[in-house]
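Reviewing the structure listed below.
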Amino acid sequence: MPKHFLMCRPDYFTVEYAINPWMHPEAGADRERAIRQWEGLKSAYEELGHQVSLIDPIEGLPDMVFAANGALVVGGRVYGARFAYPQRAAEGPAYLRWFAERGYPTMEPSHVNEGEGDFLTLDEVILAGTGFRTDVVAHQEAQEYLGRPVVSLTLVDPRYYHLDTALFPLDGHNVAYYPEAFSPGSLAVLRRMFPDAVVATAEDAAVLGLNAVSDGTNVVINAEATNLQLELKRRGYEVIPVDLSELRKAGGGPKCCTLEIRGEN
Numbered sequence: 023m024p025k026h027f028l029m030c031r032p033d034y035f036t037v038e039y040a041i042n043p044w045m046h047p048e049a050g051a052d053r054e055r056a057i058r059q060w061e062g063l064k065s066a067y068e069e070l071g072h073q074v075s076l077i078d079p080i081e082g083l084p085d086m087v088f089a090a091n092g093a094l095v096v097g098g099r100v101y102g103a104r105f106a107y108p109q110r111a112a113e114g115p116a117y118l119r120w121f122a123e124r125g126y127p128t129m130e131p132s133h134v135n136e137g138e139g140d141f142l143t144l145d146e147v148i149l150a151g152t153g154f155r156t157d158v159v160a161h162q163e164a165q166e167y168l169g170r171p172v173v174s175l176t177l178v179d180p181r182y183y184h185l186d187t188a189l190f191p192l193d194g195h196n197v198a199y200y201p202e203a204f205s206p207g208s209l210a211v212l213r214r215m216f217p218d219a220v221v222a223t224a225e226d227a228a229v230l231g232l233n234a235v236s237d238g239t240n241v242v243i244n245a246e247a248t249n250l251q252l253e254l255k256r257r258g259y260e261v262i263p264v265d266l267s268e269l270r271k272a273g274g275g276p277k278c279c280t281l282e283i284r285g286e287n
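For reference, each letter of the sequence shown is one residue, going 23 to 287 in the working numbering.
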């Protein structure tokens, strides 16, 4: 089934501060190359039949390209983002305003959360990350507003600072994940909930291979995650490798650039 995605062109992308271990301002980033790579990701979605809407980038918000962090949209309702770092604070209101102007019911959050960076939606449950960017109380707030069960998972490796860097839904009832990114109790929960999950290697996690987008048939994934691609193919998925190496300099991949707009369901 075609999906609806919101994306933000990286017209103002740069690495000028460090708020995660991937970011090295002294090394800089090539904005034009980042734009070309982003355009390739957008084209990949459109070639798969998905709808892509765009939010205008805002000068001075270099990370606004990472649209997944801007909100969580479930059942046509929008739970807004409240960023942990002041450098990104203005992104939350900008994304919420985009949805409000288009008639979506929206909620301004009371607690720190970074949208789909830490909330990943399956058919019956929302998996929610905490430990670095999202307050666990936000999990409860999202559950109350969206009316979906939320399962909290604790992240322990600063390289995998958002849940979407360590796990992605394969479809509505299964996931792929990197075990070492999670606390022992959270890993036990994942093993119990998803006994048939795809388990990624350290090598694939280290190139943000888990920051992928699946529509249940096709998986758009960082090209360097070669072992994970082979396992996905073995499971019957079509794999679409993309190069987002420039955006990875800020800790982002395909999923970070992609906010899913889920309608009434």
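Ideal Cβ placement from N, Cα and C applies to all residues, glycine included.
### Task
Quick one: using the 10 Å Cβ neighbour count with 16 as the cut-off for buried, is residue 65 buried or exposed?
Translated into the one-based positions of the sequence shown, residue 65 becomes position 43. Counting the other Cβ atoms within 10 Å of the Cβ of residue 65 gives fewer than 16, which makes it exposed.
#### Entry: Residue of 279, 223, 89 and 96 minimising C-alpha distance to residue 115
Working through the sequence shown from its first residue, we reach residue 115 at position 93. Here the closest residue by C-alpha is 89.
### Task
Specify, as a first and last residue, the run of the beta strand (DSSP E) that residue 28 falls within.
If you number the sequence shown from 1, residue 28 lands on position 6. Start and end: 26-29.
### Query
Excluding five sequence neighbours on each side, which residues of the same chain lie with their C-beta closer than 7 Å to the C-beta of residue 84?
Along the sequence shown, read from residue 1 onward, the residue named residue 84 stands at position 62. Same-chain partners within the cutoff: 34, 35, 36 and 38.
### Task
For residue 148, name the three-state secondary structure that DSSP assigns.
Within the sequence shown, residue 148 is the residue found at index 126, counting from 1. If DSSP states are grouped into helix, strand and coil, residue 148 belongs with the strands.
### Task
Could you name each continuous alpha helix (DSSP H) segment of 4 residues or more that falls completely within the segment 173-221, going from the start of the chain to the end?
Within the segment 173-221, the complete alpha helix (DSSP H) runs of at least 4 residues are 206-215.
### Query
Is it true that the CB of residue 49 sits closer than 8 Å to the CB of residue 32?
The residue labelled residue 32 in the question sits at position 10 within the sequence shown. The residue labelled residue 49 in the question sits at position 27 within the sequence shown. No, they are not a contact pair.
### Query
Can you give the Cα-Cα distance for residue 266 and residue 275, rounded to whole angstroms?
Looking up residue 266 in the sequence shown gives position 244. Looking up residue 275 in the sequence shown gives position 253. Between residue 266 and residue 275, the C-alpha separation is close to 6 Å.
### Query
Given a threshold of 16 other Cβ atoms within 10 Å of its Cβ, counted over all protein chains shown, does residue 203 qualify as buried or as exposed?
As a position in the sequence shown, residue 203 is number 181, starting the count at 1. Burial call: buried.
### Query
When the Cα atoms are used, what is the spatial distance from residue 167 to residue 160?
Within the sequence shown, numbered from 1, the residue matching residue 167 stands at position 145. Within the sequence shown, numbered from 1, the residue matching residue 160 stands at position 138. For residue 167 and residue 160, the distance between alpha carbons rounds to 10 Å.
### Query
Taking DSSP as the reference, what is the three-state secondary structure of residue 260?
To locate residue 260, count along the sequence shown from 1; it is residue 238. In the three-state scheme derived from DSSP, where H, G and I count as helix and E and B as strand, residue 260 is classed as strand.
### Message
If I follow the unbroken alpha helix (DSSP H) through residue 121, where does it start and stop?
### Response
As a first step, residue 121 must be located in the sequence shown, where it is residue number 99. According to the DSSP assignment, residue 121 belongs to the alpha helix (DSSP H) that extends over 113-123.
### Message
Given 7 Å as the limit, tell me if residue 130 has its C-beta closer than that to any heavy atom belonging to the ligand ZN.
### Response
Among the components of this structure there are no ligands whatsoever, and the ligand ZN is therefore not found.
### Query
For the candidate residues 43, 165, 137 and 109, whose alpha-carbon lies nearest to that of residue 289?
Nothing about residue 289 can be reported from this structure: the residues present for the chain run from 23 to 287 only.
### Neighbourhood of residue 287 by C-beta, 7 Å cutoff - its chain only, sequence neighbours within 5 removed
Here residue 287 corresponds to residue number 265 of the sequence shown, with the count starting at 1. Confidence at residue 287 is low in this model, with a pLDDT of 49, below 50, so the placement of that residue should be treated as unreliable; the coordinate-derived value is given next. Excluding positions up to five away in sequence, the list reads 97.
### Query
So what does DSSP say about residue 101, is it helix, strand or coil?
Here residue 101 is taken as the residue at index 79 of the sequence shown, counted from 1. In this structure, residue 101 counts as strand in the three-state DSSP scheme.
### Query
So, is residue 255 buried or exposed, given that buried needs 16 or more other C-beta atoms within 10 angstroms?
Looking up residue 255 in the sequence shown gives position 233. Burial check for residue 255: the Cβ neighbour count within 10 Å stays below 16, so the residue is exposed.
### Query
Rounded to the nearest angstrom, how far is the Cβ of residue 207 from that of residue 177, given a contact under 8 Å?
Position 185 of the sequence shown, counted from the start, is the residue given in the question as residue 207. Position 155 of the sequence shown, counted from the start, is the residue given in the question as residue 177. A Cβ-Cβ distance of about 12 Å is found for the pair residue 207 and residue 177, leaving them out of contact under the 8 Å criterion.
#### Entry: Contact under 8 Å by Cβ, residue 182 with residue 200
Reading the sequence shown from its first residue, position 160 is the one you call residue 182. Reading the sequence shown from its first residue, position 178 is the one you call residue 200. Residue 200 is positioned such that its CB atom lies closer than 8 Å to that of residue 182.
### Query
Out of curiosity, what's the CA-to-CA distance linking residue 149 and residue 52?
Position 127 of the sequence shown holds residue 149. Position 30 of the sequence shown holds residue 52. Approximately 34 Å, taken between the alpha carbons.
### Task
Could you please give me the residues that DSSP links to residue 232 through a beta bridge?
Here residue 232 refers to the residue found at position 210 of the sequence shown. None, per the DSSP bridge assignment.
### Task
Give every residue of the same chain whose Cβ lies closer than 7 Å to the Cβ of residue 253, excluding the five residues on either side of it in the sequence, and list them in chain order.
Sequence index remark: in the sequence shown, residue 253 carries index 231 (1-based). Result list for residue 253: 220, in chain order.
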